[in-house]
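Report on the following structure.
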Amino acid sequence: MATGRSPPENDPEAEVQEDLMRLDAYRGQLNALLQQYQILSASRTEHLRARESLEGVDRAEPGAELLLPFGGETYVRGSVARGAPVLIGIGSGIVVEMDAAKVTELLAQRVTRIDQAARDLEGQMSTLDERIQVLSRRLDDAARGGAGSDVGRS
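Letter by letter, the sequence shown follows residues 4 to 157 in our numbering.
The structure is reproduced here in structure tokens:
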């Protein structure tokens with residue numbers, strides 16, 4: 004008895020429709036993963052820039068004038084006292100004060116976690132891309148009348 008989820012055995016048109024829906028869903032998922040990847044990439048860049056800035060402050064001469072970014076390409080001239088504590092967000096709008104060395108270490112750990120998440124996303128995107136290619140080939144074969152495609156279901 005058919006459950007409504009899979010087409011009847013010998014209905015090529017229903018199989019094509021199912022494959023088209025599956026292909027559309029895979030493409031939507033791939034697009035969502037690409038957006039997540041872009042967010043991770045931007046976050047990684049931001050964390051690296053923060054770490055490099057902290058390290059740059061440590062290398063600066065005492066009392067050296069720095070440009071402090073406020074965002075929106077806006078800067079203020081100022082100086083940072085060597086050894087001054089650093090404020091860092093830890094999530095949910097909570098900011099804590101820590102030693103600069105500890106913040107640098109924390110930023111490095113975050114970059115490592117971001118890199119792992121990016122690798123995981125790359126694997127998921129690769130899998131989805133393979134499924135998209137398989138379905139695309141099967142649909143191309145069906146469009147050309149090659150109903151006997153030997154590609155297994157994804």
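We treat Cβ as the ideally placed atom computed from N, Cα and C, and that holds for glycine.
Exposed or buried, which one is residue i when buried takes at least 16 other CB atoms within 10 Å?
| i | result |
| --- | --- |
| Tyr29 | buried |
| Glu133 | exposed |
| Thr107 | buried |
| Ile131 | First, the amino acid is wrong: residue 131 is Leu here, not Ile. With 16 or more Cβ atoms within 10 Å of its Cβ, Leu131 is classed as buried. |
| Leu220 | Outside the displayed range of the chain (4 to 157) lies residue 220, so it cannot be described from this structure. |
Under 9 angstroms between the Cβ atoms of residue i and residue j?
| i | j | result |
| --- | --- | --- |
| Ile91 | Leu110 | yes |
| Arg80 | Leu69 | yes |
| Leu33 | Met128 | yes |
| Arg47 | Ile117 | yes |
CB-CB under 6 angstroms to residue i, same chain, minus the five flanking residues each way: which ones, in chain order?
| i | result |
| --- | --- |
| Val83 | Val60 |
| Tyr40 | Leu124 |
| Ala121 | Leu43 |
| Ala145 | Val19 |
I'd like the list of long-range same chain contacts for residue i, defined as Cβ closer than 8 angstroms, with 5 residues on each side in sequence excluded.
| i | result |
| --- | --- |
| Tyr78 | Leu70, Leu71, Pro72 |
| Pro88 | Glu100, Met101, Asp102, Ala103 |
| Leu36 | Leu124, Gln127, Met128, Leu131 |
| Ala67 | Ser82 |
Given residue i, which residues of its chain have a CB within under 7 angstroms of its CB, disregarding the five upstream and five downstream residues?
| i | result |
| --- | --- |
| Pro65 | Arg85 |
| Leu51 | Val114 |
Note down, one range per segment and in chain order, each beta strand (DSSP E) of at least 3 residues found wholly within the segment 29-109. Unbroken beta strand (DSSP E) runs of no fewer than 3 residues, entirely contained in the segment 29-109, are found at 69-74, 77-81, 89-94, 97-101, following chain order.
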